[in-house]
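Report on the structure given below.
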Amino acid sequence: MSDAEFLRYLKDKDAIEKLVFSYATVLDQRQLHLLRPIATDNLHFHYGGVFEGDTPDAWIAMIQSNLGGCGPSQHLFSNIRINTDYSASIASARVDFYGRVMHAGKADEREILFDFWGEYQCKLLRVATDTHRGWRFCDVKQVPFHFTGDMKILKSE
Numbered sequence: 051m052s053d054a055e056f057l058r059y060l061k062d063k064d065a066i067e068k069l070v071f072s073y074a075t076v077l078d079q080r081q082l083h084l085l086r087p088i089a090t091d092n093l094h095f096h097y098g099g100v101f102e103g104d105t106p107d108a109w110i111a112m113i114q115s116n117l118g119g120c121g122p123s124q125h126l127f128s129n130i131r132i133n134t135d136y137s138a139s140i141a142s143a144r145v146d147f148y149g150r151v152m153h154a155g156k157a158d159e160r161e162i163l164f165d166f167w168g169e170y171q172c173k174l175l176r177v178a179t180d181t182h183r184g185w186r187f188c189d190v191k192q193v194p195f196h197f198t199g200d201m202k203i204l205k206s207e
């Protein structure tokens, strides 16, 4: 790998890590309108064998249906593994990372917790111009490892 190729990879790695962490922040701050700009128009998602869809709007609606009536959440993402592919006309990347997500209820359910442990397996595509240096999610798969607590707090408002 040449120095120029390595530098390109490091810049992409940084941009992809920032994209992953911004995803967590958007979810926890309930700024769901910021999900659309980080997804391709033909985004496909698959969450734990329960939720599946193939548009950014369906992705946002699914997330809203789980977090909209939930109290605070904390999405902690770690163990990020990135593989880039520059061989095609449109660069792509695969990013896998662990997710530990704590959800709390609100109002009368504020004492109820739901804790998710799992892995996200994502494919990204680089688009021509973008705030995330061109990287957007085109496929998001969430694979559960374990969970505890009561899922009833995951609901829409």
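When we follow my numbering, the leftmost residue of the sequence shown carries the number 51, and every step to the right adds one.
Glycine included, every Cβ here is placed at the ideal spot set by N, Cα and C.
Would you report the Cα separation of residue i and residue j, rounded to the nearest angstrom?
i, j, result
"P8", "L82", "As shown, the chain starts at 51 and ends at 207. That puts residue 8 outside it, with no answer to give."
"C188", "D107", "13 Å"
"C172", "K68", "14 Å"
"H196", "M112", "21 Å"
"D200", "Y73", "24 Å"
"Y97", "V151", "13 Å"
"I110", "H94", "12 Å"
"A157", "V193", "30 Å"
"L57", "L163", "43 Å"
"K61", "E55", "10 Å"
"P87", "L117", "19 Å"
"S211", "D53", "Lying before the first or after the last residue shown, residue 211 is absent from the chain, which here runs from 51 to 207."
"L77", "Y59", "27 Å"
Could you give the DSSP three-state label for residue i: helix, strand or coil?
i, result
"S72", "helix"
"D104", "coil"
"D200", "coil"
"Q114", "helix"
"Y136", "coil"
"K191", "strand"
"R144", "strand"
"R80", "coil"
"R65", "One point to set straight first is that residue 65 is Ala, not Arg, in the sequence displayed. Here A65 sits in helix by DSSP."
"I162", "coil"
"L174", "strand"
"L57", "helix"
Rounded to whole angstroms, how far is the Cβ of residue i from the Cβ of residue j, which I believe are closer than 8 Å?
i, j, result
"R176", "G184", "4 Å"
"H153", "L84", "That belief does not hold up - the Cβ atoms of H153 and L84 are roughly 19 Å apart, past 8 Å."
Measuring alpha carbon to alpha carbon, tell me which residue in the options is nearest residue i.
i, options, result
"A141", "Y148, R186, G119 and V193", "R186"
"Q79", "Y97, F56, A143 and H125", "H125"
"A65", "G119, P194, L174 and R86", "L174"
"D146", "Y170, A138, M51 and A157", "Y170"
"R144", "M201, I130, R160 and V151", "I130"
"Y148", "D62, K191 and D200", "K191"
"D165", "C120, K63 and A89", "C120"
"T90", "S115, A178 and L117", "A178"
"E161", "V70, K202 and K63", "K202"
I'd like to know if residue i contacts chain C, where contact means its C-beta is closer than 9 Å to some C-beta of that chain.
i, result
"Q171", "Absent from the structure is chain C; it holds one protein chain and no more."
Margin query: Would the stretch 123–143 count as touching the stretch 96–106 if we require 3 or more Cβ pairs under 8 Å?
Written below: Contact between the stretch 123–143 and the stretch 96–106 is not established, with fewer than three Cβ pairs separated by less than 8 Å.
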